[in-house]
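2 protein chains.
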Amino acid sequence: MKIAVDAMGGDHAPEVVVDGALQAARDLGLEIMLVGRRGAVQAELDKYDTAGLALTLHHASQVIEMDEHPAAAVKAKKDSSMVVGMDLVKRREADAFFTAGNSGGALAAALFRLGRIRGIQRPALSTIFPSQTPQSFCFLLDIGANADCKPQYLLQFAIMGSLYAERVLGVPNPRVAIVSNGEEEGKGNQLVQDTVPLLKASALNFVGNAEGKDVPWGLADVVVTDGFTGNVIIKLSEGVSKFLLDVLKAEITSRSVSKVGALLAKPAFDAVSRRLDYREFGGAPLLGVDGVVIIGHGRSDALAIRNGVHVAARTVENGVLDAIKQGIARYE
Amino acid sequence: MKIAVDAMGGDHAPEVVVDGALQAARDLGLEIMLVGRRGAVQAELDKYDTAGLALTLHHASQVIEMDEHPAAAVKAKKDSSMVVGMDLVKRREADAFFTAGNSGGALAAALFRLGRIRGIQRPALSTIFPSQTPQSFCFLLDIGANADCKPQYLLQFAIMGSLYAERVLGVPNPRVAIVSNGEEEGKGNQLVQDTVPLLKASALNFVGNAEGKDVPWGLADVVVTDGFTGNVIIKLSEGVSKFLLDVLKAEITSRSVSKVGALLAKPAFDAVSRRLDYREFGGAPLLGVDGVVIIGHGRSDALAIRNGVHVAARTVENGVLDAIKQGIARYE
Numbered sequence: 001m002k003i004a005v006d007a008m009g010g011d012h013a014p015e016v017v018v019d020g021a022l023q024a025a026r027d028l029g030l031e032i033m034l035v036g037r038r039g040a041v042q043a044e045l046d047k048y049d050t051a052g053l054a055l056t057l058h059h060a061s062q063v064i065e066m067d068e069h070p071a072a073a074v075k076a077k078k079d080s081s082m083v084v085g086m087d088l089v090k091r092r093e094a095d096a097f098f099t100a101g102n103s104g105g106a107l108a109a110a111l112f113r114l115g116r117i118r119g120i121q122r123p124a125l126s127t128i129f130p131s132q133t134p135q136s137f138c139f140l141l142d143i144g145a146n147a148d149c150k151p152q153y154l155l156q157f158a159i160m161g162s163l164y165a166e167r168v169l170g171v172p173n174p175r176v177a178i179v180s181n182g183e184e185e186g187k188g189n190q191l192v193q194d195t196v197p198l199l200k201a202s203a204l205n206f207v208g209n210a211e212g213k214d215v216p217w218g219l220a221d222v223v224v225t226d227g228f229t230g231n232v233i234i235k236l237s238e239g240v241s242k243f244l245l246d247v248l249k250a251e252i253t254s255r256s257v258s259k260v261g262a263l264l265a266k267p268a269f270d271a272v273s274r275r276l277d278y279r280e281f282g283g284a285p286l287l288g289v290d291g292v293v294i295i296g297h298g299r300s301d302a303l304a305i306r307n308g309v310h311v312a313a314r315t316v317e318n319g320v321l322d323a324i325k326q327g328i329a330r331y332e
Numbered sequence: 333m334k335i336a337v338d339a340m341g342g343d344h345a346p347e348v349v350v351d352g353a354l355q356a357a358r359d360l361g362l363e364i365m366l367v368g369r370r371g372a373v374q375a376e377l378d379k380y381d382t383a384g385l386a387l388t389l390h391h392a393s394q395v396i397e398m399d400e401h402p403a404a405a406v407k408a409k410k411d412s413s414m415v416v417g418m419d420l421v422k423r424r425e426a427d428a429f430f431t432a433g434n435s436g437g438a439l440a441a442a443l444f445r446l447g448r449i450r451g452i453q454r455p456a457l458s459t460i461f462p463s464q465t466p467q468s469f470c471f472l473l474d475i476g477a478n479a480d481c482k483p484q485y486l487l488q489f490a491i492m493g494s495l496y497a498e499r500v501l502g503v504p505n506p507r508v509a510i511v512s513n514g515e516e517e518g519k520g521n522q523l524v525q526d527t528v529p530l531l532k533a534s535a536l537n538f539v540g541n542a543e544g545k546d547v548p549w550g551l552a553d554v555v556v557t558d559g560f561t562g563n564v565i566i567k568l569s570e571g572v573s574k575f576l577l578d579v580l581k582a583e584i585t586s587r588s589v590s591k592v593g594a595l596l597a598k599p600a601f602d603a604v605s606r607r608l609d610y611r612e613f614g615g616a617p618l619l620g621v622d623g624v625v626i627i628g629h630g631r632s633d634a635l636a637i638r639n640g641v642h643v644a645a646r647t648v649e650n651g652v653l654d655a656i657k658q659g660i661a662r663y664e
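Which chain is which? The protein sequence lines are A and B, in order. Using our numbering, the first residue of the first sequence is number 1, and each one after it goes up by one. Using our numbering, the first residue of the second sequence is number 333, and each one after it goes up by one.
Right, dumping it as structure tokens:
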């Protein structure tokens, strides 16, 4: 199994990416193809003892930065680590590509170089969202690839998400819900109202509408929405969590008794942080493109990178791509 | 000043509604018109010494329950407290109506009995949302009246929200933002992209796009969105907050040292809860209908009801209705 890794992608690249990729090579016995500027990547590699690891370095002279316009950057930077990495998958030299870089860039590069799976109308960006399900998370998509969607897109997102949850996340017969502004059938904007009949008629385990409050509450294993709403959901969750914790922190430091309390309660706080920690999951797939592409968080540290590479390997092992190719016909 | 109060509206009606309304009558010197089943409301009134309070009881034999279909219930229950209360405003016997009941029902009853302000295409439901602004909240609309919107609706929501924030919430020259899936101009679904030019061309203090994470982060005083996204925002915030606090609670009670810490940190937790407490605000207006209608939280306690009645009085005092009538022409 060969996993190409974008050595230049993420806020702390290439340092933490090389560190994490080496951990993956060592712990998981994977062959890692590091893609990026030879000098910068080699300088990082020189810090480690890489003897016995299956490791190659693929030079790419350019980098797509986090704040660049995705489609324009991909077109302008044909020798970027993002594009070169996708090409390794395209030529089947790599089984999968992992990047913690610009997710819009990854989407554009994947569409540009790998194209869509036949029959899939739009690819979707996904994420692992903390939730009170038995597995402690749900799989949420689309989180930003398609701001405007058609019902058929959402049905396909649901099918792809369900297959991924079953095969890679180990959720049997995943419960699928659609985000809406009310639990009752009939609630929803026009898009939701037009999509629900498709979901009900499909072979999916569709459990109905999920209100905003239900998403973290474990109602469903796979939660489907348009990329506009999905993006608002993930960013609002981040904002609300940070707001709550910041206000709590400010209150605690303004009270000396509370400060002692906070110190004693720290293990509990740490456990909560772990529950919300994206590093555990490492990455989530770009579904619908003709190749395995896993996108990690821009803030990824070495552990997150290692786990993200692992997610890529599991996605390949479990034949998600073929499952989607066959599943689109079976479920629709 | 006469405020009609839906004595039957809310999870704890009529008990807490009567209690809160009497507090408003006493503290604020308002004339309160309690609307509801005579027997039930009188039984509550009998618990208090109401001597010297300006208080009337208006019988309404029916109640629109929290889980009823709004439009159908309003049509079927012409003698419901919701409809009778709106009629008091319609006939100018009351200056405003406050209800903590079914908000969809209030919307339907208001549209049915009061109608829209001339020139307003759609009314909007609003809320006070905790945020790091100088005033510690922002004003968010629409939160559910219109699942599908046109650009013109959103412009009008922005105008109404801005006028309300300025006149009732005391925010000078309110900063207006629109919810989007990216801060940069050009980001957004089709609706947002079509609305931004209208907001820019208006006389509003438009500050641009707000991502989900910016909403609690104080970027804007008035945040505009369609009723589908707005509903997801408020319900998700509720879900995420509850999730975080529940996980924290579970972690704390599983550790005895943390338990002591939590006890010491309790004042800080309480302060955070106060920051998120809807009771402080009491209610938010249904904007765009031809009458002052304030909607409180279904879970309102007596303090929230009292404050909600106060919001109604301030909305009347500050001439919001006339301001909107004139403002629509001025801002568009």
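Backbone N, C-alpha and C define an ideal beta-carbon position, used for all residues, glycine too.
Three-way DSSP call (helix, strand, coil) for P506 (chain B) in this model: Annotated three-state conformation of P506 (chain B) is coil, per DSSP.
7 Å Cβ cut-off: residues of chain B touching Q190 (chain A): D480, listed in chain order.
Every unbroken alpha helix (DSSP H) within the stretch 297-321 of chain A, with a cutoff of 4 residues, ordered by chain: If we require 4 residues or more, the alpha helix (DSSP H) runs fully inside the stretch 297-321 of chain A come out as 302-317.
Residues of its chain near A357 (chain B), where Cβ-Cβ distance is below 7 Å and the 5 sequence neighbours each way are ignored: Hits under 7 Å: I364, L385, A386 and L387.
Anticipated Cβ contact below 8 Å, F429 (chain B) with A336 (chain B), distance rounded: At roughly 5 Å, the Cβ-Cβ gap stays under 8 Å, so F429 (chain B) and A336 (chain B) are in contact.
Buried versus exposed call for K213 (chain A) [16 or more other C-beta atoms within 10 Å across all chains shown]: Of the other Cβ atoms in all chains shown, 16 or more fall within 10 Å of the Cβ of K213 (chain A); this residue is therefore buried.
Below-9 Å beta-carbon distance, Q152 (chain A) vs any chain B residue: Cβ-Cβ to chain B under 9 Å: no for Q152 (chain A).
Any C-beta of chain A under 9 Å from that of S458 (chain B): Among the residues facing chain A, S458 (chain B) is not included, as its CB has no counterpart in that chain under 9 Å away.
DSSP-derived helix/strand/coil call for A109 (chain A): It is helical.
Beta-bridge partners of L387 (chain B), as assigned by DSSP: B:I364, per the DSSP bridge assignment.
Per DSSP, cross-strand counterpart(s) of N537 (chain B): DSSP, once it has assigned bridges, lists B:R507 as partnering N537 (chain B).
Per DSSP, the bridge partner or partners of Q394 (chain B): In DSSP, Q394 (chain B) forms a bridge with B:S412.
Neighbour flag for S353 (chain A) against chain B, beta carbons, 9 Å: The first residue shown for chain A is 1 and the last is 332, placing residue 353 (chain A) beyond what the model contains.
The stretch 162-170 of chain A in contact with the stretch 127-144 of chain A per 3-pair CB rule at 8 Å: Yes, the stretch 162-170 of chain A is in contact with the stretch 127-144 of chain A.
Selection of the stretch 528-555 of chain B by Cβ proximity to chain A, strictly under 8 Å: Residues of the stretch 528-555 of chain B with a C-beta less than 8 Å from any C-beta of chain A: E543, G544, K545, D546, V547, P548 and W549, listed in chain order.
Chain A within 9 Å of D526 (chain B), Cβ atoms only: By the rule that beta-carbons nearer than 9 Å mark a contact, D526 (chain B) does not touch chain A.
Short Cβ contact (9 Å threshold) for D547 (chain B) with L245 (chain A): Per the sequence presented here, residue 547 (chain B) reads as Val, with Asp not at that position. No, the Cβ-Cβ distance between V547 (chain B) and L245 (chain A) is not below 9 Å.
D578 (chain B), enclosing beta strand (DSSP E) - first and last residue: Counting along the chain, D578 (chain B) falls outside any beta strand (DSSP E), though it belongs to the alpha helix (DSSP H) covering G559 to T585.
Inter-residue spacing [alpha-carbon to alpha-carbon] between D27 (chain A) and E251 (chain A): Computed Cα separation, rounded: 42 Å.
Helix, strand or coil at P617 (chain B) [DSSP, three-state]: Reduced to three states, the DSSP call for P617 (chain B) is strand.
Beta-bridge pairing of P462 (chain B) - partner residues as DSSP gives them: According to DSSP, which records beta bridges pairwise, P462 (chain B) is partnered with B:F469.
Collapsed DSSP secondary structure at I491 (chain B) in the structure displayed: For I491 (chain B), the secondary structure class from DSSP, reduced to helix, strand or coil, is helix.
N513 (chain B) to D526 (chain B) span [Cα, whole Å]: About 14 Å.
Candidates A:D11, A:D19 and A:M8: closest to N307 (chain A) by CA position: Nearest neighbour of N307 (chain A) by Cα position, chosen from A:D11, A:D19 and A:M8, turns out to be A:D19.
Beta-bridge pairing of K334 (chain B) - partner residues as DSSP gives them: Per DSSP, B:E363.
Same chain, Cβ closer than 8 Å to K200 (chain A), five either side skipped, listed in chain order: Cβ-Cβ distances below 8 Å link K200 (chain A) to F206 in the same chain, with the five nearest sequence neighbours on each side left out; the list follows chain order.
Candidates A:V293, A:R299, A:I324 and A:N318: closest to S88 (chain A) by CA position: As written in the sequence, residue 88 (chain A) is Leu, which differs from the Ser given in the question. The residue with the shortest Cα to Cα distance from L88 (chain A) is A:V293.
Option in B:D338, B:A477 and B:D381 with minimal Cα separation from P402 (chain B): Selected option, being the one with the closest Cα: B:A477.
Environment of Q23 (chain A) [buried if 16+ CB atoms lie within 10 Å]: Label assigned to Q23 (chain A): buried.
C-beta atoms of V74 (chain A) and G105 (chain A) nearer than 9 Å: For V74 (chain A) and G105 (chain A), yes; Cβs fall inside 9 Å.
Partner residues on chain A for I565 (chain B), Cβ-Cβ distance less than 8 Å: Near I565 (chain B) (Cβ distances below 8 Å), the residues of chain A are G212, V232 and L236.
Interfacial residues, the stretch 408-422 of chain B to chain A, with Cβ spacing under 9 Å: Of all residues in the stretch 408-422 of chain B, none is placed with a Cβ closer than 9 Å to any Cβ belonging to chain A.
Residues, ordered as in the chain, of the stretch 172-183 of chain A that lie near chain B by beta-carbon distance below 9 Å: For the stretch 172-183 of chain A, which is checked against every Cβ of chain B, the residues closer than 9 Å are V179, S180, N181 and G182.
Chain B contact residues for G227 (chain A), given Cβ-Cβ distances below 9 Å: Residues of chain B passing the Cβ test: N513 and N521.
Same chain, Cβ closer than 6 Å to A147 (chain A), five either side skipped, listed in chain order: Cβ neighbours of A147 (chain A) beyond the five flanking positions: G227 and F228.
Beta-carbon proximity list for Q121 (chain A), same chain, < 7 Å, skipping 5 on both sides: Only Q152, Y153 and Q156 meet the Cβ criterion.
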